[in-house]
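Structure, as structure tokens:
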Amino acid sequence: MPKKAIIAQVSDMHINAVAETYRNINVRKNFIDVLQFLKERQIDLLVLSGDLAAADGEIEAYQWIKETLTRFPYPYVVMAGNHDRVAVMKQIFDIPVKDVQDDMLYFSRRVNGHRLLFLDTSTYILPKKQLAWLYQQLHHSDESILLFMHHPPLLCDCLFMDSFYPLGNIAETWELLQQLKVVKHIFCGHYHTDKILKEEGKIIYLTPSTMLQIDTKSNRFVVEHIRPGWRMIEWDGEQVNTQVEYLP
Ligand SMILES: [Fe+2]
0 MPKKAIIAQV SDMHINAVAE TYRNINVRKN FIDVLQFLKE RQIDLLVLSG
50 DLAAADGEIE AYQWIKETLT RFPYPYVVMA GNHDRVAVMK QIFDIPVKDV
100 QDDMLYFSRR VNGHRLLFLD TSTYILPKKQ LAWLYQQLHH SDESILLFMH
150 HPPLLCDCLF MDSFYPLGNI AETWELLQQL KVVKHIFCGH YHTDKILKEE
200 GKIIYLTPST MLQIDTKSNR FVVEHIRPGW RMIEWDGEQV NTQVEYLP
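First residue of the sequence shown? That's 0 in numbering that gives the first Met the number 0, and the numbers climb one at a time after it.
Laid out in structure tokens, this is it:
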């Protein structure tokens, strides 16, 4: 019986190019504090699920994150969000060459024998090449996987984000996902909130940001609170146990 995989998902850190606050939030300190908290756990993989950089793939942000993670004792993977630039990320992080194709960062990993797939929606859509890859990876398989993508593949009843920043090709992406029965658990960021949606046999988990959380009930940008959050995931290949945690 393979061991459970313990995964920490940290998202939307929005690290700036220089050490300064944003809306009075010290985003760099938030990330360091979250890592400090996670160091005390036994985790198998840290997933940084996109929007690592503040606005537009700032190289100084990636350099700072990489340097900060040299003091983190567990392995990690980086994903691209809409504020990231894969061409810059691959200069800084130790990303296997095969994980980047056409400047898109999408890949598969095994953690304690369990399979995880990671997509790249940094262009605000899930491009056809990745949809085809996902189908090719999974349509013959009966092994359950965990899927990570920065943008959720559905509207989430979060008024501001649904109205202005949803995934650009939701219908096409959801149609493909429906064909893939082994995709039951989908972990996302981007929406800066903690929410779980259940739709047609799939569960979509929204993970909060380490920067700020967005009020889901407003159709304008309203900050709900600024406690940095992340998600812990325990997975044995069948069952997922997950909860969001916030810094005290
Ligand atoms: Fe985002």
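The beta-carbon is built from N, C-alpha and C at its ideal position, and this holds for glycine as well.
With 16 other Cβ atoms within 10 Å as the buried cut-off, status of residue i
i           : result
residue 189 : buried
residue 20  : exposed
residue 41  : exposed
residue 149 : buried
residue 57  : buried
residue 4   : buried
Own chain, CB closer than 8 Å to residue i, minus 5 neighbours either side, in chain order
i           : result
residue 60  : 14, 15, 16, 51, 52 and 53
residue 217 : 158 and 159
residue 212 : 191, 192, 193, 222, 223, 224, 225, 226 and 228
residue 47  : 9, 10, 12, 64, 75, 76, 77 and 78
residue 32  : 227 and 246
residue 88  : 51, 56, 61, 77, 79, 94 and 104
residue 219 : 159
residue 26  : 12, 13, 14, 15, 20, 53, 209 and 210
Nearest to residue i (by Cα), restricted to the options the options
i           : options               : result
residue 122 : 103, 113 and 25       : 103
residue 239 : 219, 246, 247 and 182 : 182
residue 39  : 69, 29 and 73         : 73
residue 83  : 120, 133 and 45       : 120
residue 105 : 95, 94 and 117        : 117
residue 70  : 87, 94, 55 and 37     : 37
residue 29  : 67, 161 and 97        : 67
residue 186 : 174, 178, 164 and 155 : 155
Start-to-end residues for the alpha helix (DSSP H) that takes in residue i
i           : result
residue 163 : 158 to 163
residue 59  : 58 to 68
residue 41  : No alpha helix (DSSP H) holds residue 41; DSSP gives it neither H nor E.
residue 146 : Not the alpha helix (DSSP H): residue 146 falls in the beta strand (DSSP E), residues 144 to 147.
residue 88  : 85 to 91
Cutoff 6 Å; reference residue i; Cβ partners in own chain excluding five residues on either side
i           : result
residue 221 : 214
residue 112 : 1
residue 44  : 6, 74 and 110
residue 86  : 102
residue 172 : 125 and 152
Span of the beta strand (DSSP E) around residue i
i           : result
residue 183 : 182 to 187
residue 241 : 239 to 245
Sequence-distant residues of the same chain with beta carbon closer than 7 Å to residue i, five excluded per side
i          : result
residue 64 : 14 and 51
- Item | Cβ pair count under 8 Å reaching 3, the stretch 200 to 210 against the stretch 223 to 243 | Contact holds: three or more Cβ-Cβ distances are below 8 Å.
- Task: Say whether the stretch 71 to 88 touches the stretch 195 to 202, bearing in mind that this needs 3 or more beta-carbon pairs closer than 8 Å, one atom from each stretch.
- Result: Put simply, the stretch 71 to 88 does not touch the stretch 195 to 202. Fewer than three CB pairs are less than 8 Å apart.
Practice task
Mind the definition here: the stretch 125 to 136 touches the stretch 165 to 185 only if three or more C-beta pairs lie below 8 Å; say whether that holds.
Solution key: The answer is yes - the stretch 165 to 185 touches the stretch 125 to 136, with three or more Cβ pairs under 8 Å.
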